[in-house]
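Right, one structure below, let's go through it.
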Amino acid sequence: MGVIIDVLADLVRDKAYEEGMPALRLVFTPTPVGGKTPKELAAYIAGNDPVTKKPLMQEIVDDLTRPLNDEEKKTGTVKREKKRLIGPDTSDNIQKYFDDRFWTDQLPIIMPTQERVNAMLKGTHHKPDEVVGRMRVTGEREAWQYTVETVAINAVMAGAKPEHFPAILALAASQTNAHSSSTSSMAAMAVFNGKIVNDLQLNSSTGALGLYNNAGALIGRAWSLLSMNATGGSVPGHTYEGVQGNPMADVPAVFAENVAGLPPGWKPLSVQKGFQPDESVVSTFDGCQSQNTMMVLQDEDWQWALKRIIGGLGSPQRGGKLLLIDPAVTPPLLRFGFDTKEKLINWVKENVTMPKQHYWLDQEVINYKLGPARAGQEPYASWLKAADDAPIPYLNNVEVVVVGGSGNIRWSVNECAYRRSVKVDDWR
Amino acid sequence: MLTRPSSRLAPHGLILFALAMACAGTAAAADEPLYTVLNPTGNPPPIERRAMAPRPASLSGKTVYLVDETFDGGDKFLLEMQKYMAANMPDVKTVFRAKKGAYAADDPDLWKEIKSVNGLMIMAIGH
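Structure follows, in structure tokens:
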């Protein structure tokens, strides 16, 4: 049986249901357990389950000794069907029906009628019932499958046009969920390279990440809605747990790399990932937590400044950083010796570090890396044995993208991890 | 039929009832265009039901494993529970263990060990 904090009651019952034990016996403690003193935890144990209001330890004994009922002994396969059509009804009532089930971002949608979905489907040669991919709300939850038609329905709801559809399908094929259910309130980004940037007029200049990127906003909203609905709806407490939410989550930043602003020697992101320069490609990033801007670095202390701003963001448990570099900031970076993106990436991975004793005191590191370290998984096992002041090079997912309109000498560090790249032309 | 414990998928009858009531309660609806729309959700996988482990009639003489899955404070919580059980349930043997690997990783060696002593398990998930 399990003992879990009470705020996760809905989530853990969902998980038990998905795992085939809907009546799994669970007991709940007050929230949180982390950060409490032994005395406070002893009071939890001697007290009541906050969900059932019954004495916690008596519940545990009962759950461990009460004979199983028929429901708890059941085996077999259960198929889940969904209702294909909704309505007829007014747009206001359907909007409310969708909002109530968290099938929307709580903003007005375009009604996904069969006629509109058929028009969207004309944007691709793929068949409506073709499976595009599977998504989970987190790595531990069940994977739901979605088809070309599912993607088209969400694209219509977002207000996208058929010409956007191959780009949206490519994002769907990346299987990157723009709405991870992590309590850390993650968002996502996508970067386009190649011919499609001009075809769709995707912005790579001023306002590229928002506000001024019509195609990016429409494609991003479609990706957002699909991410909610591919997994059955993004329901707070059940399939969305972001403690504070994220201002980048409503519409993920979808933009183009400013390829014209790349200095000699710096390759477009898609080429770094193995594609040809003229191929239309979308690259996804997730785990995004923040965007922090800086002005140009100085010759006298650029190393110190780079380590400070990149190392100052977020938990070292997260190995991802995305550096968004305005073309105006590339001349000093070239002067510092970064004549390729890879040199800058490797410098960051090697030089942004944290002393061992602080690394292993970070709560996210304890949660996610201590178990693997104790199980002998490298590099964590060696990092656990290192001297207290040994530098831990914890960044393992660093990317550089050039974007911006050169209105000032600014660049930004984003808490984002690269996930994967997909060819758009495969989805035309 | 197995039903999800949450409200994510409401029974169809309730959906139709709610829509019917919404239509009936809105006089203006008669003049508005009506839409039939497509469901935007994906397709869930089938669920394989699993029977729960049989229970003993009593914990007396039994070994209860207190298993921490390594999230915030789960270990400290279980060690306090171990103290409580030692003081209040002296005929129950307890064994504290941290599950091997990341929090969601399987630990078949531990499950085998628990089965080998016909033991029971309380797993605490910190946070």
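Listed in order, the protein sequences are those of chains A and R. Heads up: the first sequence begins at 6 in the working numbering, then just goes up one per residue. Heads up: the second sequence begins at 27 in the working numbering, then just goes up one per residue. All residues carry an ideal CB built from backbone N, CA and C; glycine is no exception.
Item to check | Option in A:LEU318, A:GLN281, A:VAL287 and A:THR289 with minimal Cα separation from A:MET299 | outcome: Nearest option by C-alpha distance: A:LEU318.
Item to check | R:PHE97 beta carbon less than 8 angstroms from that of R:TYR129 | outcome: Yes, these two residues count as a Cβ contact at 8 angstroms.
Next on the checklist: For chain A, check one thing: does any of its Cβ atoms lie closer than 8 angstroms to the Cβ of R:ILE140?
Outcome noted: So no, R:ILE140 is outside the interface.
Next on the checklist: Is the beta carbon of A:SER179 closer than 8 angstroms to that of A:ARG425?
Outcome noted: In this structure, A:SER179 lies closer than 8 angstroms to A:ARG425 by Cβ.
Item to check | alpha helix (DSSP H) runs contained entirely in the stretch 268-338 of chain A, provided each spans 4 or more residues | outcome: At a cut-off of 4 residues, the continuous stretches assigned as alpha helix (DSSP H) that sit fully inside the stretch 268-338 of chain A are 274-277 and 307-316.
Checklist entry - Which value, in whole angstroms, describes the spacing of the CA atoms of A:GLN382 and A:LYS390? => result Going by the C-alpha atoms only, they are around 12 angstroms apart.
Item to check | Cα-Cα separation, R:ASP132 to R:LYS126 | outcome: If you take the alpha carbons of R:ASP132 and R:LYS126, they lie about 8 angstroms apart.
Item to check | Rounded straight-line distance, which links the Cα of A:LEU31 to that of A:VAL8 | outcome: Going from the Cα of A:VAL8 to the Cα of A:LEU31 covers about 6 angstroms.
Checklist entry - Which residue from A:ASN98, A:LYS87 and A:ALA28 puts its Cα closest to that of A:LEU73? => result Here the closest residue by C-alpha is A:ALA28.
Checklist entry - Taking just the CA atoms, how far does A:ARG106 sit from A:GLY92? => result Here the alpha carbons of A:ARG106 and A:GLY92 stand approximately 15 angstroms from one another.
Item to check | Contacts that A:TYR151 makes with chain R (C-beta to C-beta distance below 9 angstroms) | outcome: For A:TYR151, the neighbours in chain R by C-beta distance under 9 angstroms run, in chain order, THR67, GLY68 and ASN69.
Item to check | Sufficient close CB pairs (3 or more, under 8 angstroms) joining the stretch 9-23 of chain A to the stretch 62-69 of chain R | outcome: In the pairwise beta carbon analysis, the stretch 9-23 of chain A is classified as not touching the stretch 62-69 of chain R: fewer than three pairs are separated by under 8 angstroms.
Checklist entry - Are the C-beta of R:PRO82 and some C-beta of chain A separated by less than 8 angstroms? => result Yes, R:PRO82 lies at the interface with chain A (some Cβ there is under 8 angstroms from its Cβ).
Checklist entry - Which residue comes first and which comes last in the beta strand (DSSP E) that contains R:MET147? => result Run containing R:MET147: 146-151, per the beta strand (DSSP E) assignment.
Item to check | Which residues DSSP lists as bridging A:GLU404, in chain order | outcome: For A:GLU404, DSSP records a beta bridge to A:LEU327.
Item to check | Under 9 angstroms by beta carbon: chain A residues contacting R:TYR110 | outcome: Neighbours of R:TYR110 in chain A, taken as residues at a C-beta separation under 9 angstroms, are given in chain order as ALA47, ILE50, ALA51 and MET62.
Item to check | Contacts that A:VAL8 makes with chain R (C-beta to C-beta distance below 9 angstroms) | outcome: Chain R residues near A:VAL8: GLY100, PHE103, LEU104, MET107, ILE148, MET149, ALA150 and ILE151.
Checklist entry - Using a C-beta to C-beta distance shorter than 7 angstroms, which residues of chain A count as neighbours of R:GLY127? => result Result: GLY376, PRO377 and ALA380.
Checklist entry - Near R:ILE140, what residues of its chain come up, given a Cβ to Cβ distance below 7 angstroms and the 5 sequence neighbours on each side ignored? => result Excluding positions up to five away in sequence, the list reads TYR91 and MET147.
Checklist entry - Anyone know if the C-beta pair for A:ASN123 and A:CYS293 falls short of 8 angstroms? => result No, the pair does not count as a contact, with Cβ atoms beyond the cut-off.
Next on the checklist: Looking only at its chain, what residues have a beta carbon closer than 7 angstroms to the beta carbon of A:SER232, apart from the 5 residues adjacent to it on each side?
Outcome noted: Here the set comprises MET140, ASN182, ALA183 and HIS184.
Next on the checklist: Run through the DSSP bridge pairs and tell me what A:TRP416 is partnered with.
Outcome noted: Answer is A:MET299 and A:ILE330, bridged to A:TRP416.
Item to check | Alpha-carbon to alpha-carbon, A:LYS78 and A:GLU24 | outcome: Rounded to whole angstroms, A:GLU24 to A:LYS78 spans 14 angstroms at the Cα level.
Item to check | Minimum Cβ-Cβ distance from R:ARG75 to chain A less than 8 angstroms | outcome: At least one CB atom of chain A sits nearer than 8 angstroms to the CB of R:ARG75.
Checklist entry - A:THR244 to A:ARG323, Cα distance in whole Å? => result Cα to Cα, the separation comes out at about 22 angstroms.
Checklist entry - Is any heavy atom in the ligand FAD found nearer than 7 angstroms to the beta carbon of A:ILE330? => result This structure lacks the ligand FAD; in fact it carries no ligand of any kind.
Next on the checklist: I'd like to know if A:LYS166 contacts chain R, where contact means its C-beta is closer than 8 angstroms to some C-beta of that chain.
Outcome noted: Output row for A:LYS166: interface = no.
Next on the checklist: So R:LEU64 contacts chain A; which residues on that side make the cut at Cβ distance below 8 angstroms?
Outcome noted: Within chain A, the residues placing a beta-carbon under 8 angstroms from that of R:LEU64 are ARG89, LEU90, ILE91, PRO117, THR118, GLN119, VAL122, GLU154 and ILE158, ordered along the chain.
Checklist entry - So is A:ASP291 buried or exposed if we call it buried at 16+ other beta carbons inside 10 Å? => result Of the other Cβ atoms in all chains shown, 16 or more fall within 10 Å of the Cβ of A:ASP291; this residue is therefore buried.
Checklist entry - Run through DSSP, which three-state label would A:ARG425 get? => result In the structure shown, the three-state DSSP call for A:ARG425 is strand.
Checklist entry - Would you report the Cα separation of A:ARG89 and R:ALA77, rounded to the nearest angstrom? => result Approximately 32 angstroms between the Cα atoms of the pair.
Item to check | Own chain, CB closer than 6 angstroms to A:HIS130, minus 5 neighbours either side, in chain order | outcome: For A:HIS130, where only same-chain residues beyond five positions count, there are no Cβ hits under 6 angstroms.
Checklist entry - If you run the structure through DSSP and keep just helix, strand and coil, what is A:GLN119? => result Reduced to three states, the DSSP call for A:GLN119 is helix.
Checklist entry - Where does A:LEU73 fall in DSSP's three states? => result Here A:LEU73 carries a coil assignment [DSSP, helix/strand/coil].
Checklist entry - Just checking my contact of A:SER285 with A:GLY199 at CB under 8 angstroms: how many whole Å lie between their CB atoms? => result Contact check for A:SER285 and A:GLY199: beta-carbon distance about 4 angstroms, within the 8 angstroms limit, so the pair qualifies.
Item to check | Terminal residues of the beta strand (DSSP E) in which A:LEU112 lies | outcome: Boundaries cannot be given for A:LEU112, as no beta strand (DSSP E) includes it and DSSP labels it neither H nor E.
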